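Taking numbering that gives the first Met the number 0, I'd label the letters of the sequence shown as residues 0 to 80. A virtual CB, placed ideally from N, CA and C, is assigned to each residue, including glycine. Nothing here was measured: the structure is a model prediction, and the numbers come from that model. Notes follow the structure.
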Amino acid sequence: MSGPSNKVCPNCGKKMRQQFIGLQHCKCGMSWKKDIGFFERTNDMVFALQRCKIGKKFKQVPIIRYKAHEDEMIYIDDETE
0 MSGPSNKVCP
10 NCGKKMRQQF
20 IGLQHCKCGM
30 SWKKDIGFFE
40 RTNDMVFALQ
50 RCKIGKKFKQ
60 VPIIRYKAHE
70 DEMIYIDDET
80 E
């Protein structure tokens with residue numbers, strides 16, 4: 000059962016699994032994010048949801064954070080409006 004939101008991995012050809020809305024992963028290490036497209040995951044990436052105010056509502060959007068050290072987290076916020 001594959002709907003229009005299911006992506007096929009360009010690396011291995013398998014169906015990707017959805018982690019969040021707008022973020023899908025494959026077992027081979029490829030991922031797809033709605034705004035940037037396909038990319039390869041690294042060990043320092045952490046995927047999280049961040050609350051953003053869009054209009055009058057608060058919505059959760061997926062972001063990618065990067066581990067700098069064991070305790071520190073650096074994050075790139077690419078969907079703030």
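Determine, using beta carbons only, whether residue i comes closer than 8 Å to chain B.
i: residue 48; result: Protein chains in the displayed structure number just one, and chain B is not present.
My assumption, with CB atoms under 8 Å, is that residue i sits in contact with residue j. Please give the rounded CB distance.
i: residue 14; j: residue 21; result: That pair is no contact at about 17 Å.
i: residue 46; j: residue 18; result: 6 Å
What are the boundary residues of the beta strand (DSSP E) that includes residue i?
i: residue 51; result: 44–53
i: residue 89; result: No information on residue 89 is available, as it lies outside the stretch 0 to 80 that the chain covers here.
i: residue 29; result: 29–32
i: residue 36; result: 36–39
Between which residues of its own chain and residue i is the CB-CB distance below 7 Å, once the five residues before and five after are set aside?
i: residue 16; result: 23 and 24
Compare the beta carbon distance of residue i and residue j with 8 Å and say whether it is the shorter of the two.
i: residue 64; j: residue 57; result: no
i: residue 10; j: residue 29; result: yes
Run the CB neighbour count on residue i, radius 10 Å, all protein chains shown included, and call it buried at 16 or more, exposed below.
i: residue 8; result: buried
i: residue 52; result: exposed
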